[in-house]
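Numbering (our numbering), first residue to last: 2 to 260. Everything below concerns the one structure shown next.
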């Protein structure tokens, strides 16, 4: 009887004390960059988001404050192309190894984030979205298999340059179609606020993906998410011992001899 009489009083006490969880803003950091990538857009004094005036094609732009999903994807594309140029235009094996690591790191994270964030939006937001997304995933699979081969080569191997040249030949076609067709159609179907939200999700997703190519892993959520969470910690642990490009805005957090 005493327990039953106390229950209503206990419930009233619980209702009287609302539980609140503080919201923590998370900063995303590139493994070899000293620059923090904020996951929030610039704010006006009234609290509303304002557009970013920086050029997403600028390779030194590391803050993820671009105003659309197209902007952040194109920024990644330009960075991947820049790393490729560094590799094929250098005869220094140490430089090639450093940019090889950066190339693999950037392209792997970019591809997985597209598959987890962008392609589901294409599937649900466009009339022929499923067909477009399936085509893009098939092209990604070809890239992942070539990238897996490339990441296991050394700059001194005779297949090193031919492998990345072949990879980029296919990848450039994919990039062209994506920028001139897929992203244009997607942006037309999205509200600007939704596009900005996808850009935020895209960059946050890259912080939790694997950083090396695993072509046998699933390429659709939710299975890709689970596989990625399992593979990412080991990839990132090994990243600590890899050499990275020696650039002012991209310095390795650790590392010794190039490997």
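Ideal placement from N, C-alpha and C gives every residue a C-beta, glycine not left out. In this text, all values refer to a predicted model and were calculated from it rather than measured experimentally.
For this session: Would you list, in sequence order, the uninterrupted alpha helix (DSSP H) runs of no fewer than 4 residues that lie entirely inside the segment 119-147?
Result: 120-126
Problem set entry | Cβ neighbour criterion (16 or more within 10 Å) applied to residue 133 | Residue 133 sits at position 132 when you count from the first residue of the chain shown. Residue 133 is buried by the Cβ-count criterion.
Exercise. Roughly how many whole angstroms lie between the Cα atoms of residue 178 and residue 171?
Worked result: Here residue 178 is taken as the residue at index 177 of the chain shown, counted from 1. Here residue 171 is taken as the residue at index 170 of the chain shown, counted from 1. In a straight line, the C-alpha of residue 178 is about 11 Å away from that of residue 171.
For this session: Using 10 angstroms around the beta-carbon of residue 239, count the other beta-carbons present and answer buried if the total reaches 16, otherwise exposed.
Result: Position 238 of the chain shown, counted from the first residue, corresponds to residue 239. Flag for residue 239 reads exposed.
Exercise. How should residue 242 be labelled, buried or exposed, when 16 other C-beta atoms within 10 angstroms of its C-beta is the threshold for buried?
Worked result: By one-based count along the chain shown, residue 242 stands at place 241. So residue 242 ends up on the exposed side.
Exercise. Tell me which same chain residues have a C-beta within less than 7 Å of the C-beta of residue 118, skipping the five on either side of it?
Worked result: Mapped onto the chain shown, residue 118 falls at position 117. These residues qualify, in order along the chain: 199, 202, 203, 206.
Problem set entry | Collapsed DSSP secondary structure at residue 248 in the structure displayed | Taking the chain shown and counting its residues from 1, one reaches residue 248 at position 247. Three-state DSSP puts residue 248 in a strand.
For this session: Verify whether the separation of the beta carbon atoms of residue 175 and residue 141 is less than 9 Å.
Result: The count along the chain shown starts at 1 and reaches residue 175 at position 174. The count along the chain shown starts at 1 and reaches residue 141 at position 140. Contact: yes.
Exercise. If we count Cβ pairs, one from each stretch, closer than 8 Å, do we get three or more for the segment 148-165 versus the segment 91-100?
Worked result: With a cut-off of 8 Å on Cβ pairs, the segment 148-165 is in contact with the segment 91-100, counting three or more such pairs.
Problem set entry | Three-way DSSP call (helix, strand, coil) for residue 163 in this model | Numbered from 1 along the chain shown, position 162 holds the residue referred to as residue 163. Three-state result, residue 163: helix.
Problem set entry | Cβ pair residue 75, residue 160 closer than 9 Å | Position 74 of the chain shown, counted from the first residue, corresponds to residue 75. Position 159 of the chain shown, counted from the first residue, corresponds to residue 160. No, they are not a contact pair.
Exercise. Looking at the unbroken alpha helix (DSSP H) that takes in residue 107, where does it start and where does it end?
Worked result: For this step, residue 107 is matched to residue 106 along the chain shown. Its alpha helix (DSSP H) spans residues 94-114.
For this session: Closer than 8 Å by C-beta to residue 25: which residues in its own chain qualify, once you throw out the five before and the five after it? Chain order, please.
Result: In the chain shown, residue 25 corresponds to position 24, counting from 1. Here residue 25 scores only 38 on pLDDT, less than 50, and its place in the model should not be relied on; the value that follows carries that caveat. Correct list: empty, nothing qualifies.
Exercise. Any idea if residue 148 is buried or exposed, counting beta-carbon neighbours within 10 angstroms, 16 or more meaning buried?
Worked result: Within the chain shown, the letter at position 147 stands for residue 148. Per the 10 Å Cβ criterion, buried.
For this session: Could you check which residue in 90, 192, 246, 233 has the C-alpha nearest to that of residue 1?
Result: Residue 1 is absent from the structure shown; the chain starts at 2 and stops at 260.
For this session: Count the other C-beta atoms from every protein chain shown that fall within 10 angstroms of the C-beta of residue 196, then say buried if there are 16 or more, exposed otherwise.
Result: Counting from one through the chain shown, the residue named residue 196 turns up at place 195. Buried, since its Cβ has 16 or more Cβ neighbours within 10 Å.
Problem set entry | Residues near residue 93 in its chain [Cβ-Cβ closer than 7 Å; skip 5 each side] | Residue mapping note: residue 93 aligns to position 92 of the chain shown, counting from 1. So no residue of the chain qualifies.
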